[in-house]
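Number of protein chains: 2
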Amino acid sequence: MSSASGSYILPVELSKSYRLLNHGPTVLVSARHAGESNAMAAAWACALDYTPAKLTVVIDKATKTRQLMEQSGMFVIQVPTRAQARLVHHVGTRSALKEPGKIESAGVEWFEQAGFDVPLVAGCSAWMVCRLVPEPHNQAAYDLFIGEIVGAWADSRVFRDGHWLFEDAPDELRSLHYIAGGHFYAIGDAVTVDVASATAKA
Amino acid sequence: MSSASGSYILPVELSKSYRLLNHGPTVLVSARHAGESNAMAAAWACALDYTPAKLTVVIDKATKTRQLMEQSGMFVIQVPTRAQARLVHHVGTRSALKEPGKIESAGVEWFEQAGFDVPLVAGCSAWMVCRLVPEPHNQAAYDLFIGEIVGAWADSRVFRDGHWLFEDAPDELRSLHYIAGGHFYAIGDAVTVDVASATAKA
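Top to bottom, those sequences are chains Z and B. Here our numbering is used: the first residue of the first sequence is 816, the next is one more, and so on. Here our numbering is used: the first residue of the second sequence is 816, the next is one more, and so on.
Here you go:
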C-alpha cells in the first residue's frame, strides 16, 4: 500500500460510517473507469441514511470525475486532512478535462482496498467506497448523486471504535471545512453535552 | 426582536448564502403552520446550488417539524453556536410529537424577519429562509428535502462580507459539528491555501 498511513487503516462498521461525514468535512471524490482514475474536491457531500448507509454528493457536470462515476457506477468519498489542504485545493480548482496531468501535479497517490476496483487517495483520514444509486432526475436537475456505502475505512489514529479522536490525534489529521477562495477551517475543540437525561441520536 | 444578537444581524447576499453551510455545520430546522412553530436539529444539511441558492436537508418522517414544513411549504435552516450546544442537543433528541413543551423546555426563543412568516431561532449565527421545492420521490424514498433559499441573514460579528470570521469572533459563536452521543466539535483554526496560482471555486 502506498499510503504512509496505511498501517493505521482499519475497517469502519457500515452502520457507523455516517459518522465519518456527520461533522461536514470537505471531501475528495475519486473514481476509475477503464483504467483511468481521477479525483476532485467537493464541499457538498452529506450523509443520507444509516442502513443501508448512504450519502449524497453534488458533482458539477463539467468534471472528469463525474464521467468516471457515471461510467463505472462506483466512486469513493474520502476525508482529507489538514496536511492535505494544498492537494485538496489543487484538485478542487483544476479539471482533468483541461489539465490531464492534474493528479500528478497535485501529488495524489492512489491505493486500493482488496475487492474494490476504485482508487483511494493516500493520506486521507477516512474512505467510503460507494455504489452509485441511479437517480437520473436528481443527477440531471441538481447534479446530486446518491451513493450506497459498500466499504468504509479510517485511520485509527484519528477515528476508532466509531468515534473521531481529533482532540487526541496529531493536528495535521484534523478534517478540513472549505469556505471559498482558498479559505478552509480545520475542525476544532470537542464540545460534549451530558446526555444522561436524553436519548441521543445523530 | 427577541434575539440578543438581533442588533448584529445583517442580510446575506443569496448568491453567497451557500457559504453559511459550506463548512458543514450542524443546523437547526424550524417551521410554522397555522400558528404552530417547532424546531429540530439536523446534522444532514448541505448546500446544493449557487443561483438560485438551494440546499438539501434530511428530515425523519417521525418529526413535527417535517409536518409543519410539508403543510406550510416553508422552513428555516439556521446555524447554531457553541453557546447553544445544549439547546441543539435538546431539540435534536426530543420530539414535539411526544413532548409538546419541547420548545419551551429547550429555551428556544423565536424572532421573525419582515416579510417571512417563519420562526427563526434567536441566538444562532446565520439563518436561511427556504421555500420547499417539492420532490415527492426524494421526500418519500430518502427523507431528503430541497429548499430554495429566499432570504438569508447572519450575525455580522462572525459572518461579514461573504466570509466567516470565526478566528476573530467570540469563541461561543463558533459553529457546531455533531458526531453522536452528545459529542460535537466546534469549528477550529483557519487554514488558507495561497490561490495566487489557482482559480479558486467553492
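Where a beta carbon is used, it is the ideal one built from N, C-alpha and C, also for glycine.
Using the beta-carbon count (16 or more within 10 Å), is residue i buried or exposed?
i	result
Z:K869	buried
B:E950	buried
Z:V827	buried
B:Q886	exposed
Z:K879	buried
B:H952	exposed
B:S920	exposed
Z:K831	buried
Z:G922	exposed
B:Y993	buried
B:Y1000	buried
Z:S852	buried
Z:K913	exposed
Z:S845	buried
Z:D970	buried
B:A857	buried
Z:A849	exposed
Z:S822	exposed
B:K876	exposed
B:L825	exposed
Does the CB of residue i have a neighbour CB from chain Z at under 9 Å?
i	result
B:F999	yes
B:A846	no
B:R881	no
B:Y823	no
B:T908	yes
B:G850	no
B:G996	yes
B:V923	no
B:D958	yes
B:I874	no
B:L988	no
B:F981	yes
For a cutoff of 9 Å on Cβ pairs, would you count residue i as touching chain B?
i	result
Z:C945	no
Z:G938	no
Z:A1015	With a pLDDT of 38 at Z:A1015, under the threshold of 50, the modelled position of this residue cannot be trusted; read the value that follows with caution. Chain B, which has a Cβ nearer than 9 Å to the Cβ of Z:A1015, makes this yes.
Z:V973	no
Z:T841	yes
Z:D1009	yes
Z:G977	yes
Z:M816	Caution is warranted here: a pLDDT of 42 is assigned to Z:M816, below 50, making its placement in the model unreliable, and no coordinate value can be reported.
Z:D1004	yes
Z:I918	no
Z:L991	yes
Z:F931	no
Z:I964	no
Reducing DSSP to helix, strand and coil, say where residue i ends up.
i	result
B:A1017	Annotation note: pLDDT 31 at B:A1017 (below 50); position unreliable, coordinate value reported separately. Correct three-state label for B:A1017: coil.
Z:Y993	strand
B:M816	In this predicted model, B:M816 has a pLDDT of only 42, less than 50, meaning its place in the structure is not dependable enough to derive any value.
Z:G850	coil
B:L829	helix
B:G839	coil
Z:T880	helix
B:E987	helix
Z:S971	coil
B:G966	strand
Z:G821	helix
Z:Y957	helix
* Asked: Listed in chain order, which residues of the stretch 853-870 of chain Z have Cβ atoms closer than 8 Å to some Cβ of chain B?
  -> A858, W859, A860, C861, A862, L863, D864, K869
* Could you pull out every unbroken alpha helix (DSSP H) segment of at least 4 residues lying fully inside the stretch 896-955 of chain Z, listed in chain order? => 900-908, 917-921
* Can you give me, in chain order, the residues of the stretch 885-915 of chain Z that have a beta carbon less than 9 Å from any beta carbon in chain B? => R897, A900, R901, V903, H904, H905, G907, T908, R909
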